[in-house]
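For the sequence shown, the positions run 308 to 391 when this note's numbering is used. Notes to accompany the following structure.
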Amino acid sequence: MEYRLTDTHLYILEYPGVLCFARPKYEYKDLGELMENSSLYHISTPEDFESFDHTKVSTPSEGGSFYFEDFLNPILKLVNDNKK
Numbered sequence: 308m309e310y311r312l313t314d315t316h317l318y319i320l321e322y323p324g325v326l327c328f329a330r331p332k333y334e335y336k337d338l339g340e341l342m343e344n345s346s347l348y349h350i351s352t353p354e355d356f357e358s359f360d361h362t363k364v365s366t367p368s369e370g371g372s373f374y375f376e377d378f379l380n381p382i383l384k385l386v387n388d389n390k391k
């Protein structure tokens, strides 16, 4: 899993998109809460992830993306382990 951590967000490369998760002050209690605080942005090439800035991209994609628990559970742990 390729990811980047900033002061406010955790970014996961899921080409052709980037999943953005807000870093909480407390632990997310479940996957539903984690996904409520996530956005998916599209990038044109994986290399764009190197300079990815969610404030400078187009609007997040709308729905249609499904993720399984075995994909999301490690992300939940990663976000919770890196609270602000």
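The C-beta atom is built at its ideal place from N, Cα and C for all residues, glycine as well.
CB of residue i within 9 Å of CB of residue j, strictly
i, j, result
"GLU334", "LYS390", "yes"
"PHE359", "TYR374", "no"
"SER346", "LEU317", "no"
Residue(s) in a DSSP beta bridge with residue i
i, result
"VAL386", "In the DSSP output, where bridge partners are listed per residue, VAL386 has none listed."
Alpha carbon of residue i to alpha carbon of residue j, nearest angstrom
i, j, result
"LEU338", "THR352", "28 Å"
"ASN344", "ARG330", "9 Å"
"GLY324", "ILE350", "6 Å"
Contacts around residue i, its chain only, beta-carbon distance under 6 Å, and the 5 residues preceding and following it disregarded
i, result
"LEU379", "LEU338"
"ARG311", "TYR318"
Residues near residue i by beta carbon distance below 7 Å, same chain, minus five either side
i, result
"LEU383", "TYR335, LEU338, LEU341"
Exposed unless 16 or more other CB atoms sit within 10 angstroms - verdict on residue i
i, result
"SER372", "exposed"
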